[in-house]
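A.B. asks: Taking the working numbering, the leading residue of the sequence shown gets 232, the next gets one more, and so forth. We put the beta carbon where it would ideally sit given N, CA and C, even for glycine. Owing to the predicted nature of the structure, the values given are computational and were not obtained by experimental measurement.
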Amino acid sequence: MPRVITLLTDFGSSDTYVGVMKGVILGIAPAARIVDLTHDVPPHDVRSGAFQLLVAHRYFPAGTIHVAIVDPGVGTQRAIVAVQAGPTSFVGPDNGVLRWAVDDAGGPSTAVRVEVARYRLPELSTTFHGRDVMAPAAAHLAAGVALESLGPPVRELQGDPFPQPDGSRGVVIHVDRFGNCVTNFRAGDAGTLEVLGRRLARVRAYADATGNEPVVIGASAGFLEIAVNGGSAAARLGIGVNTPVRLVEA
Numbered sequence: 232m233p234r235v236i237t238l239l240t241d242f243g244s245s246d247t248y249v250g251v252m253k254g255v256i257l258g259i260a261p262a263a264r265i266v267d268l269t270h271d272v273p274p275h276d277v278r279s280g281a282f283q284l285l286v287a288h289r290y291f292p293a294g295t296i297h298v299a300i301v302d303p304g305v306g307t308q309r310a311i312v313a314v315q316a317g318p319t320s321f322v323g324p325d326n327g328v329l330r331w332a333v334d335d336a337g338g339p340s341t342a343v344r345v346e347v348a349r350y351r352l353p354e355l356s357t358t359f360h361g362r363d364v365m366a367p368a369a370a371h372l373a374a375g376v377a378l379e380s381l382g383p384p385v386r387e388l389q390g391d392p393f394p395q396p397d398g399s400r401g402v403v404i405h406v407d408r409f410g411n412c413v414t415n416f417r418a419g420d421a422g423t424l425e426v427l428g429r430r431l432a433r434v435r436a437y438a439d440a441t442g443n444e445p446v447v448i449g450a451s452a453g454f455l456e457i458a459v460n461g462g463s464a465a466a467r468l469g470i471g472v473n474t475p476v477r478l479v480e481a
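1. If you follow the beta strand (DSSP E) that H297 is part of, which residue opens it and which one closes it?
2. Could you give the distance in angstroms between the alpha-carbon of L352 and the alpha-carbon of A374?
3. Where do the ends of the alpha helix (DSSP H) carrying R467 lie?
4. So, do the region 437-456 and the region 376-394 have three or more beta carbon pairs nearer to each other than 8 Å?
5. In angstroms, rounded to a whole number, what distance separates the CA positions of V343 and R386?
6. Among G401, A316 and V286, which has the Cα closest to the Cα of G294?
7. At 3 residues or longer, and completely inside the region 245-297: list those beta strand (DSSP E) runs for me, N to C.
8. Taking contact to mean 3 or more Cβ pairs, one atom from each stretch, closer than 8 Å, check whether the region 357-377 and the region 430-442 are in contact.
9. Please name the residue in N415, G258 and R264 whose C-alpha comes closest to that of L238.
10. Using 8 Å for Cβ pairs, my map puts L478 next to G419. What's the rounded Cβ distance?
11. DSSP on L352, reduced to helix/strand/coil?
12. Is the beta carbon of V235 less than 8 Å from the beta carbon of V266?
13. Run through DSSP, which three-state label would S227 get?
14. Out of V447, I470 and F409, which one is the CA nearest neighbour of G462?
15. Would you give the residue range spanned by the beta strand (DSSP E) that A342 belongs to?
16. Determine the direct distance from the alpha carbon of Y437 to that of V300, and round the result to whole angstroms.
17. Taking just the CA atoms, how far does H297 sit from H288?
18. Do you know how far the Cα of E346 is from the Cα of R309?
19. Can you tell me whether A348 sits near the ligand NAP, meaning its C-beta is under 7 Å from at least one heavy atom of the ligand?
20. Assuming M365 contacts G306 (C-beta within less than 8 Å), just tell me the rounded distance between them.
21. Tell me the DSSP secondary structure of G390 in three-state form.
22. So which of R278, G361, N415 and K253 has the shortest CA-CA distance to V328?
23. My output table needs one value for V472: the three-state DSSP class, helix, strand or coil.
24. Can V406 and P475 be called in contact, C-beta distance under 8 Å?
25. Following the continuous alpha helix (DSSP H) through V367, name the residue where it begins and the one where it ends.
26. Contact defined as beta carbons within less than 8 Å: I believe Y350 pairs with V376. What is the distance between those atoms, to the nearest angstrom?
27. If you scan the region 400-434 from start to end, which runs of the beta strand (DSSP E) of 3 or more residues do you find wholly inside it?
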């Protein structure tokens, strides 16, 4: 059965970077099914890429290969890794962009540095390892190459683990394009949130909020988020990633 390869990058859509990567993949594994997760991760924002991969990977079938490229260290000595976690494979720079999703998938059963020349393009640039290293690695995995064949083993992935709340204290970990502020509290946590000394009402759906009032909702990604119906909570409250929040009684 053809394997699914997903692509998550900060490359945008105005240049040919993503299309070229797909060409490389299809040249090696023509039966692969390629899915674009997003190419609008803010440039160089490894943490945003890590979060978006975390909330997306679990919805794909067993055997999926996730390629995540947010790589401000491209061309340096940072490693490129391929990781097996449960039935899912991940390929990307070893800078933290894979860490949260790999941990969520059960942790790495196998992890290697992608270094074997036959599984990369013949000529490597110093600026486009997505094309020259990561796309070929994913394609070879899709074509049946064993992950262990791609290079030497890696003991531990780089990057901090997902930032769990410290008791009732948490933070905003992601702001989406609507200005919704996702926190590190889980959607199933009882209570509501306090931010900047302001306790917010908790509602079931965006439409339950009235006017321009910020509210708390257990959102689809599985976390509590701060939202404004039809507007931006980030702009309304002047908050963003790393803003402290507190879990309080509703």
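C.D. replies: This is what the structure gives:
1. Judged by DSSP secondary structure, H297 falls within the beta strand (DSSP E) whose first and last residues are I296 to I300.
2. For L352 and A374, the distance between alpha carbons rounds to 15 Å.
3. Where R467 is concerned, the enclosing alpha helix (DSSP H) stretches over A464 to L468.
4. Judged by pairs of C-beta atoms under 8 Å, the region 437-456 does not touch the region 376-394, as fewer than three such pairs exist.
5. Each residue's alpha carbon lies about 8 Å from the other.
6. Cα-wise, what sits closest to G294 is A316.
7. Complete beta strand (DSSP E) runs here, min 3: 264-269.
8. At 8 Å Cβ cutoff, the stretches do not touch.
9. Minimum Cα-Cα distance from L238 among the listed residues N415, G258 and R264 corresponds to R264.
10. Rounded to the nearest angstrom, the Cβ distance from L478 to G419 is 12 Å, too far for a contact under 8 Å.
11. Correct three-state label for L352: coil.
12. With respect to the 8 Å criterion, V235 and V266 are classified as neighbours on the basis of their beta carbons.
13. Summary: the structure shown does not reach residue 227, with the chain confined to residues 232 through 481, and so no result is reported for it.
14. In this structure, F409 is the residue among V447, I470 and F409 with its C-alpha nearest to the C-alpha of G462.
15. T341 to R344 is the span of the beta strand (DSSP E), which, as asked, contains A342.
16. According to the sequence as given, residue 300 is Ile; it is not Val. Cα-Cα distance, rounded: 32 Å.
17. If you take the alpha carbons of H288 and H297, they lie about 8 Å apart.
18. The C-alpha of E346 is placed about 12 Å away from the C-alpha of R309.
19. With respect to small molecules bound, the structure shown includes none, and the ligand NAP cannot be examined in it.
20. No, M365 and G306 are not in contact; Cβ-Cβ is about 14 Å, not under 8 Å.
21. Reduced to three states, the DSSP call for G390 is coil.
22. Looking from the CA of V328, the closest CA among R278, G361, N415 and K253 belongs to R278.
23. Correct three-state label for V472: coil.
24. Contact annotation: V406 and P475 have beta-carbon atoms that are not nearer than 8 Å.
25. The residue asked about is misnamed: residue 367 is Pro in this sequence, not Val. Residue range A366 to A373 is occupied by the alpha helix (DSSP H) that includes P367.
26. Between Y350 and V376, the beta carbon gap of about 7 Å places them in contact (Cβ cut-off 8 Å).
27. Inside the region 400-434, DSSP marks whole beta strand (DSSP E) runs of 3 or more residues at positions 400-406, 412-417 and 423-426, from first to last along the chain.
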